[in-house]
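Visitor: Dropping a structure here in structure tokens format, bear with me for questions.
In this note's numbering, the protein residues as written are 186 to 346.
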């Protein structure tokens with residue numbers, strides 16, 4: 186949340202990712218400059234402004250970024266599932282901060298500027314942010330190597346964050 190970057194790496198045979206597989210979840214260390222470049226918030230230079238949660242997302246992305254809609258939050262303490270009240274879900278959807286996902290799930294309005302990037306786009310973002318490959322956190326470097334490996338197999342890759 187906030188300026189923390191939490192992401193899911195997805196792979197798909199299809200350009201539109203209508204059948205995607207979640208491959209990995211990562212939480213690279215906080216990097217405000219990179220986050221601004223990834224989302225375009227606060228007027229920072231950005232080639233790919235935040236796109237919102239993708240229309241088609243893997244079950245892993247839905248699990249990490251989705252919230253189950255329930256009538257009453259007081260009744261769900263034992264669920265072990267991240268939940269949101271129906272009232273808050275509707276208000277968030279009306280404000281454009283959230284959108285419906287699969288089943289009775291919505292994208293969490295708690296996550297700031299949800300979006301997604303393909304590997305080529307992520308590389309452009311790093312260039313815009315003037316982040317050198319040698320300056321990447323271990324987590325982000327491994328994520329990029331994983332995405333390159335996925336694409337070397339003839340598949341498409343992206344990060345959802």
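All C-beta atoms, glycine included, are put in the ideal place defined by N, C-alpha and C.
Pairing CB atoms from the segment 201–210 with CB atoms from the segment 235–253, are three or more of them under 8 Å?
Guide: The answer is yes - the segment 235–253 touches the segment 201–210, with three or more Cβ pairs under 8 Å.
Visitor: Across the segment 302–318 and the segment 216–230, are there enough close Cβ pairs to call them in contact, namely three or more that are closer than 8 Å?
Guide: With the cut-off at 8 Å, the segment 302–318 and the segment 216–230 touch.
Visitor: To which residues does DSSP link residue 301 through a beta bridge?
Guide: According to DSSP, which records beta bridges pairwise, residue 301 is partnered with 345.
Visitor: Indicate the three-state DSSP secondary structure (helix, strand or coil) for residue 252 in the structure shown.
Guide: DSSP places residue 252 in strand when its eight states are reduced to three.
Visitor: Could you spell out the range, first to last residue, of the alpha helix (DSSP H) harbouring residue 335?
Guide: Its alpha helix (DSSP H) spans residues 323–337.
Visitor: Applying the criterion that 16 or more other CB atoms from any shown protein chain within 10 Å of the CB defines a buried residue, is residue 238 buried or exposed?
Guide: The residue in question, residue 238, is buried, as its Cβ has 16 or more Cβ neighbours within 10 Å.
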